[in-house]
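Take a look at the structure below.
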Amino acid sequence: MQQILIVEDDKTIAESIIFILEQDSFSCKWFDNGKDSIEYLDNNNVDLMLLDIGLPDMSGFDILRKVRKTHTLPIIIISARDDESDQVLGLEGLGANAYVTKPLSPRLVVAHVRSQLRNNRPNATPGDSKFSINQAMQRVVFNEIELTLTPIEFKILSHLIKNPNRVHSREDLMNIMWDSPHGSDTKTINTHIKSIRKSLKKIDDKAEYIETHRGIGYSLIE
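Add 59 to a position in the sequence shown, counting from 1, and you land on the number used in our numbering.
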């Protein structure tokens, strides 16, 4: 049974969501504050998080920022704040998968939950059976083991996997990192590539899939 973590300080809203989710055979865990929800997430298997922005102890955006450093599960924001800037921050800036505004339709929330979880199966990657990518969950599986990656590392590695045997300049990879042209020091890429290689070698200490092209960039070798 898939487990949904609900972080919502309004008991009435939380209970209405829990009722309809449990009717649909989901398991639910509810917290009305950020601290307890993060602790629970760090120590339990959770398939999706429903996250309110206005919580008593900390901002939902701060929770999202913290969670995204170590977790890639789908996160749906539920908020009374319907400003476009808040939605852009949540979805593009901090990596939420969906943004639903209050007043909530519980059935619409369930539809969003189903939609996100439908994408839970990894997609096979053409040309290299050792890798599979789950874009919705932002996960990469290598030799049937999930890699531990930051969101930026996921962007870089998934791009290399989808475009194997091609040299990608550091500038191009910087643009992938930020989804747009960016002028930061391209040496940052070296640090991320080093971390990705380390993650691969934890699974296969002989893994040499990412090749350095001195003065140019990197490629992933099939």
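Where a beta carbon is used, it is the ideal one built from N, C-alpha and C, also for glycine. Note that this is a predicted model, so its numbers are computed, not measured.
- In the displayed model, G152 falls within a helix according to three-state DSSP.
- For T131, the number of other beta carbons within 10 angstroms of its own is at least 16, and it is reported as buried.
- For Q82, the enclosing alpha helix (DSSP H) begins and ends at 70 to 82.
- Beta-bridge partners assigned by DSSP to L109: I65, I135.
- Between M108 and I134, the beta carbon gap of about 5 Å places them in contact (Cβ cut-off 8 Å).
- Straight through space, the alpha carbons of K257 and S191 are spaced by roughly 18 Å.
- The alpha carbon of I255 has as its nearest neighbour, out of L150, F201, P223, the alpha carbon of F201.
- Of A73, L80, I72, the smallest CA-CA separation from Q62 is found for L80.
- Taking C-alpha positions only, P165 is separated from F213 by approximately 32 Å.
- For K88, there is no enclosing alpha helix (DSSP H); the residue is found in the beta strand (DSSP E) stretching over 86 to 90.
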